[in-house]
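Taking my numbering, the leading residue of the sequence shown gets 25, the next gets one more, and so forth. Idealized CB from N, CA, C, for every residue including glycine. Following: one structure in structure tokens, then a few remarks.
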Amino acid sequence: MLFAQDTGRHAMAVLSWVAGLVVLVGAAEVDQALIRREMEEAIASLDSARGYGAYEKSVDVPEQIVLAYEWAQGRAPDPVEFHTLLGMWPELGLKPSDLLSFAIRGKEPAITWEMCAAFIARKTARPQPSAQTKALAAALLNTPLGKDEGAGPAKSSAGRVAVKSEPGVAYNTYFGYLHAHSELSDGEGSPDQAYTSARAAGLDFFALTDHGELVLVWPWEDKWGQEQSAADRADAPGEFAALWGFEWSSPLYGHATVVNSEDYTDCVSSSRLVQLYDWLADRPDAFGRFNHPGYFDYAIADLLHFRLFDQAVNQMVGVECWNGDDGFDRYYYAGNWEGPESYLDRANLNGWRVGALGGEDNHRADWGRMGRFRTGVLATELTREGIAEAYMSRRFYATEDDNLCLDFRCGGYPMGSMLDGEARVFEVRAYDRDGEEFEEVRLYRNGQLIEARTVTGGDVVEVFEDASTDDCYYYVIVKQVDDSDGNGRKDEAISSPIWFGDLDGAKSGCYSPLFKEQPASAGWSNLAVLLLAAGALVTTTRTHRTDRTDRTDRTYKNRME
Ligand SMILES: [Zn+2]
Ligand SMILES: [Zn+2]
């Protein structure tokens, strides 16, 4: 489930402007109350026309998009802007006034009081579409966007930061996810209800990630601030980590969620995928994740089919292997764009370094209760900082069982590590807090199954070796004996990869410079140590944090350099 399915396509009301707008000029300070009153009158007038069937049929949506830009910006939209808004109408259930807000701010990241004042001062009446408007709309409608629109040249893989967690650390396992909606965009329920529900449902961590396109509306609606303050109220270090984020939701390029940024963007002001990646790269504490791949593969290739953009490789940390109540059948085993690879593998083979995760993507006020799918995170403490650091380090996995613990290591380095030169001896521990048993552990290299091993019991430790010295990545899938979600396939969990090699993009289609450092002296590459550390995995002790990080910039600084 992606968006709340409203009843039918929303009518696009005529942008019928009310007469008598007060002209606001020359004031040293804008009169916010006055501007708000004027704009709200205009908005009410625009939106009141929604829902009339006859009216809906009479509206020429392409023409109205062009007109809104001519009206508010004095220019026509470019083809990507035009097709983005056209696609957003049904997908996000836009109101006519939303269109006006997008047109007023154009490429700016937020609509300000000054923009509204200038708009009111400049325009006292809505212009009528001219013959030129109609011709332009027709031309834009007939401008096809190529599958590669905005893709740019293929990127090399230089200049990345490698991720390497410390070896031999015993982590706690926490369950949650970072993709959910509320009434701040197109979901149901308040932000406070969302965080409260998620915690009550037993999640350890959670983030609201409302659609950026609907968070950014009018200056008096501080929806982003509402999301942040709801998260602040819900956050309880050591007990429940409440993060915030937004979903960049392009009907042309697909969706991605960004968490741990001070501000936000959307698919109008950052209309191309590469602009989202640039935006992300300017905010190194933020991290992103690819959502429900395969959903938006029409006008332009969905997520540009994971074309590599170097600037975002470090920060795009994962791809959804489950979304809502769709599990691995859809997002790992079946759906893909062209070849037999899973989306997880397609992205990694293209040079991204993404792990396996998922999100409920709630739109129906059922946070934490939609099903049993979870993202499991290996962290040392249950705080925002701890969760953010674990995501940036790719220490997470996707699981169809809500309390399946999975630890996958090489030489003591946990999943998500980027290694070079370590012996390829892999340790896997899978444990279920309900005692549900496992029947299989499988090791994959570059998405290819290397070994499937039959196992028994509810607490499994297995060691695998691989003689390959190629540049490649490994992950494991563990399978249980039961089918808790009733989808006809037994529950599984997919680890995030461990990457190997002194790689560059030219070699084996893969990634790039990896770690050159030697592992810490306390080696962790023998089974005895594995068992000792693995035992600590299931500890229920949670570190209580009293020294809250200074969050003057309101992001949870991860401690990874
Ligand atoms: Zn989405
Ligand atoms: Zn979503």
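Helix, strand or coil at residue i [DSSP, three-state]
i	result
G269	strand
Y499	strand
R60	helix
D326	helix
G111	helix
V239	helix
S40	With a pLDDT of only 32 at S40, under 50, the local geometry of the prediction cannot be trusted, and no value is derived from it.
P438	strand
V401	strand
L332	coil
W244	coil
N470	coil
L428	strand
V282	strand
A552	Low local confidence applies: a pLDDT of 34 at A552 is under 50, so the model's placement there is unreliable, with the coordinate-based value given in what follows. Helix, per DSSP.
G510	coil
R257	helix
V465	strand
L276	coil
T289	coil
D458	coil
G262	coil
T478	strand
G379	strand
V452	strand
L123	helix
N70	The sequence given here places Leu at residue 70; Asn does not occur at that position. It is helical.
V104	helix
L116	helix
Counted within 10 angstroms of its Cβ, other Cβ atoms place residue i as buried (16 or more) or exposed
i	result
N315	buried
V283	buried
Q56	exposed
S154	exposed
A141	buried
W244	exposed
Y580	Reliability fails at Y580, whose pLDDT of 44 lies under 50, so the model's placement of it is uncertain and the value that follows must be treated cautiously. So Y580 counts as buried.
Y499	buried
D425	buried
P168	exposed
K131	exposed
D234	buried
D172	exposed
Q156	exposed
V401	buried
Y357	exposed
Residue i vs residue j beta-carbon contact at 9 Å
i	j	result
H387	F320	no
H203	E344	yes
Y198	A403	yes
E461	A476	no
V452	G435	no
S295	G236	no
R313	G342	yes
L430	A454	yes
S10	S189	Absent from the structure is residue 10, since the part of the chain shown begins at 25 and ends at 585.
F420	D349	no
R418	R377	yes
A96	I59	no
D216	W248	no
Y367	G410	no
G471	N372	yes
A92	L118	no
Residue i, enclosing beta strand (DSSP E) - first and last residue
i	result
H235	229-235
D55	Segment: none, D55 is in no beta strand (DSSP E) and carries neither H nor E.
S519	516-519
D483	483-489
G312	311-314
T423	420-423
F320	Run containing F320: none; DSSP gives neither H nor E here.
W523	522-524
Alpha helix (DSSP H) segment containing residue i, residue limits
i	result
H387	Unbroken run through H387: none, as it is neither H nor E.
R408	408-416
Y586	The requested residue 586 is not part of the displayed model; the chain covers only 25 to 585.
A305	297-305
E85	Going by the sequence as given, residue 85 is Val instead of Glu. That run of the alpha helix (DSSP H) goes 85-97.
As an exercise, report each continuous beta strand (DSSP E) stretch of at least 3 residues that is fully enclosed by the segment 130-207, in chain order. Annotation note: the segment 130-207 contains the following uninterrupted beta strand (DSSP E) runs of length 3 or greater, listed N- to C-terminal: 196-201.
Contained beta strand (DSSP E) runs [length at least 3] in the segment 339-376, N- to C-terminal order: Listed in chain order, the complete beta strand (DSSP E) runs (minimum 3 residues) inside the segment 339-376 are 340-347.
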